[in-house]
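Below: one structure, written as structure tokens.
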Amino acid sequence: MADYIFIRKSRNALSSLAHVVLNFLLAVVSIGATVVTGNCIIGLVLIIASKWRVFAVNHRYWWLNIRSSLVDFIVGISFVLLAYAAGTTFLPVHFALMAGYAIWLIVIKPRSSLNLAMVQALIAVLLGTTTASIFAALTDSWVLVIAEFIIGFAAAHHVLIQASDQEYAFISIVNGLIFSEIAWLAHAWLIIYTIGNTGICISQLAIILTVVAFAFFKVYGEISKHNGKLNFRNVALPVIFSLVVVAILIISFSQPRFNIH
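The numbering of the sequence shown is this note's numbering, which starts it at 75 and goes up by one.
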């Protein structure tokens with residue numbers, strides 16, 4: 075019996091180690107190949123291939139699996155596209171993206187608590203919107219609008235289904251529409267903030283939508299906890315914080331080093 079337990083633990087340890095190593099390699103190779111080749115195709119193919127379990131079922135369940143994995147898809151694709159946008163010369167941002175994606179795959183993504191689901195959704199909003207804002211310079215406004223609908227839908231769905239909300243589909247669609255509406259309004263003045271010569275950048279729209287999503291999740295959590303009733307005192311701090319951040323960004327930080335329009 076003791077030998078069986080030892081063998082079982084050894085197998086679990088080896089499985090965990092293999093999981094860490096493979097995910098680390100995925101992060102390094104997907105971004106490294108994007109920089110070396112100057113093309114994002116290899117990185118994107120690796121991201122999609124890593125999600126083979128989504129498609130390893132009857133095709134009737136593909137949409138259900140894709141919908142459940144949208145946040146992970148958004149984060150992975152964003153890491154690769156951000157690496158592509160940063161150029162073909164290795165910069166600090168590329169190593170930061172490798173480390174960030176590895177942390178996502180190994181530490182953040184496997185967690186399933188409601189609070190961690192919120193964190194995962196907010197990361198998807200921040201990275202996905204920054205990526206969409208950068209590539210909006212090369213596309214029409216409808217591309218950004220569609221991207222934000224998908225991001226808003228995915229973020230809300232990821233959190234609401236974790237909380238077992240029966241109306242998650244409707245609320246997720248509404249959230250996607252709100253995101254796309256804000257993106258449409260902001261498209262004429264998309265602002266990108268940069269950090270020195272590191273290549274690291276973040277869009278103003280991404281920060282705004284992230285804090286808006288943060289406030290929404292806090293309000294939703296409060297309403298769910300009290301059977302549809304909202305005590306504003308319990309959510310006043312996150313809501314006020316979000317409003318202050320948005321106001322400061324719009325009023326004081328609308329003269330960036332790089333405006334894509």
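Idealized CB from N, CA, C, for every residue including glycine.
- Task: Report yes or no: do the region 208–225 and the region 180–187 share at least 3 C-beta pairs separated by less than 8 angstroms?
- Result: A contact between stretches requires three or more CB pairs, one per stretch, nearer than 8 angstroms, and the region 208–225 fails this requirement with the region 180–187.
- Return the chain-ordered list of same chain residues with a C-beta closer than 8 angstroms to the C-beta of Phe-129, the five sequence neighbours on each side being excluded. For the purposes of this step, residue 129 is taken as residue 55 along the sequence shown, with counting starting at 1. Taking Phe-129 as the centre and dropping the five residues before and after it, the same chain places the C-beta of Trp-136, Asn-139 closer than 8 angstroms to its C-beta, in chain order.
- Query: In three-state terms, what does DSSP make of Ser-124?
  - Reply: Numbered from 1 along the sequence shown, position 50 holds the residue referred to as residue 124. When DSSP states are grouped into helix, strand and coil, Ser-124 belongs to the coil group.
- Query: Would you call the CB atoms of Ala-287 and Gln-236 closer than 7 angstroms?
  - Reply: The count along the sequence shown starts at 1 and reaches residue 287 at position 213. The count along the sequence shown starts at 1 and reaches residue 236 at position 162. No, Cβ-Cβ distance for Ala-287 and Gln-236 is not below 7 angstroms.
- Task: Going by DSSP, name the residue or residues bridged to Ile-276.
- Result: Indexing the sequence shown from 1 puts residue 276 at position 202. Paired residue(s): Tyr-267.
- Item | Terminal residues of the alpha helix (DSSP H) in which Ile-322 lies | Translated into positions along the sequence shown, residue 322 becomes position 248. It spans 306–326 - the alpha helix (DSSP H) in which Ile-322 sits, taken as one unbroken run.
- Three-way DSSP call (helix, strand, coil) for Ser-142 in this model: Taking the sequence shown and counting its residues from 1, one reaches residue 142 at position 68. Helix at Ser-142.
- Query: Looking only at C-alpha atoms, which of Ile-197, Leu-304, Thr-213 sits nearest to Val-293?
  - Reply: Numbered from 1 along the sequence shown, position 219 holds the residue referred to as residue 293. That would be Leu-304, whose Cα lies nearest to the Cα of Val-293.
- Check Pro-166 in the structure and name its three-state DSSP category. For the purposes of this step, residue 166 is taken as residue 92 along the sequence shown, with counting starting at 1. If DSSP states are grouped into helix, strand and coil, Pro-166 belongs with the helices.
- Message: Does Gly-202 pass the burial test, meaning 16 or more other C-beta atoms within 10 Å, or should it be called exposed?
- Response: In the sequence shown, residue 202 corresponds to position 128, counting from 1. Looking at its Cβ environment, which holds 16 or more other Cβ atoms inside 10 Å, Gly-202 is buried.
- For Ile-252, the nearest candidate out of Ile-225, Asn-271, Asn-97 (CA to CA): Here residue 252 refers to the residue found at position 178 of the sequence shown. Answer by Cα proximity: Ile-225.
- Can you tell which of Ser-298, Val-149, Lys-299, Ser-89 has its C-alpha closest to the C-alpha of His-122? By one-based count along the sequence shown, residue 122 stands at place 48. Position check: residue 122 holds Ile in this sequence, whereas His was assumed. Looking only at Ser-298, Val-149, Lys-299, Ser-89, the smallest Cα-Cα distance to Ile-122 is reached by Val-149.
- Item | Completely contained alpha helix (DSSP H) runs for the region 179–222, where each covers 4 or more residues | Runs of the alpha helix (DSSP H) inside the region 179–222: 188–209.
- Message: So the candidates are Ser-124, Asp-214, Ser-207; which of them puts its Cα closest to the Cα of Leu-155?
- Response: Numbered from its first residue, the sequence shown carries residue 155 at position 81. Taking the Cα of Leu-155 as reference, the smallest distance to any Cα among Ser-124, Asp-214, Ser-207 is reached at Ser-207.
- Task: Drop a sphere of 10 angstroms on the beta-carbon of His-133, count the other beta-carbons inside from all chains shown, and report buried for 16 or more, exposed for fewer.
- Result: Residue 133 sits at position 59 when you count from the first residue of the sequence shown. Per the 10 Å Cβ criterion, exposed.
- Smallest Cα separation from Ala-230: which of Thr-213, Val-199, Ala-257? As a working note, residue 230 is residue 156 in the sequence shown. Nearest C-alpha to Ala-230: Val-199.
- Query: Since Val-248 is in the alpha helix (DSSP H), which residue starts that stretch and which ends it?
  - Reply: The sequence position of residue 248 within the sequence shown is 174, counting from 1. Element bounds for Val-248: 242–260.
- How many Å lie between Val-193 and His-261 at the Cα? Taking the sequence shown and counting its residues from 1, one reaches residue 193 at position 119. Taking the sequence shown and counting its residues from 1, one reaches residue 261 at position 187. Using only the alpha carbons, I get a separation of about 26 angstroms.
- Query: Under three-state DSSP, which class holds Gly-112?
  - Reply: Position 38 of the sequence shown, counted from the first residue, corresponds to residue 112. Here Gly-112 sits in coil by DSSP.
- Given Glu-296 as reference, the closest of Val-313, Ala-210, Thr-162 once Cα atoms are compared: Taking the sequence shown and counting its residues from 1, the one referred to as residue 296 is at position 222. When each option's Cα is compared against that of Glu-296, the closest is Val-313.
- Item | Reduced DSSP secondary structure (H/G/I, E/B, other) of Asn-407 | Any question about residue 407 goes unanswered here, given that the chain covers just 75 to 335.
- Item | Inter-residue CB distance, Thr-284 and Leu-196 (contact presumed, cutoff 8 angstroms) | As a working mapping, residue 284 is identified with position 210 in the sequence shown. As a working mapping, residue 196 is identified with position 122 in the sequence shown. Their Cβ separation, rounded to whole angstroms, is 5 angstroms, which keeps Thr-284 and Leu-196 in contact under 8 angstroms.
- Task: Check Gly-150 in the structure and name its three-state DSSP category.
- Result: Here the question's residue 150 lines up with position 76 in the sequence shown. DSSP places Gly-150 in the helix class (H, G or I) of the three-state scheme.
- Query: For Ala-228, does the three-state DSSP call read helix, strand or coil?
  - Reply: Walking along the sequence shown from the start, residue 228 turns up at place 154. Helix.
- Task: Using a threshold of 7 angstroms, state whether the C-beta atoms of Gly-112 and Thr-163 are closer than that.
- Result: Position 38 of the sequence shown, counted from the first residue, corresponds to residue 112. Position 89 of the sequence shown, counted from the first residue, corresponds to residue 163. Contact annotation: Gly-112 and Thr-163 have beta-carbon atoms that are not nearer than 7 angstroms.
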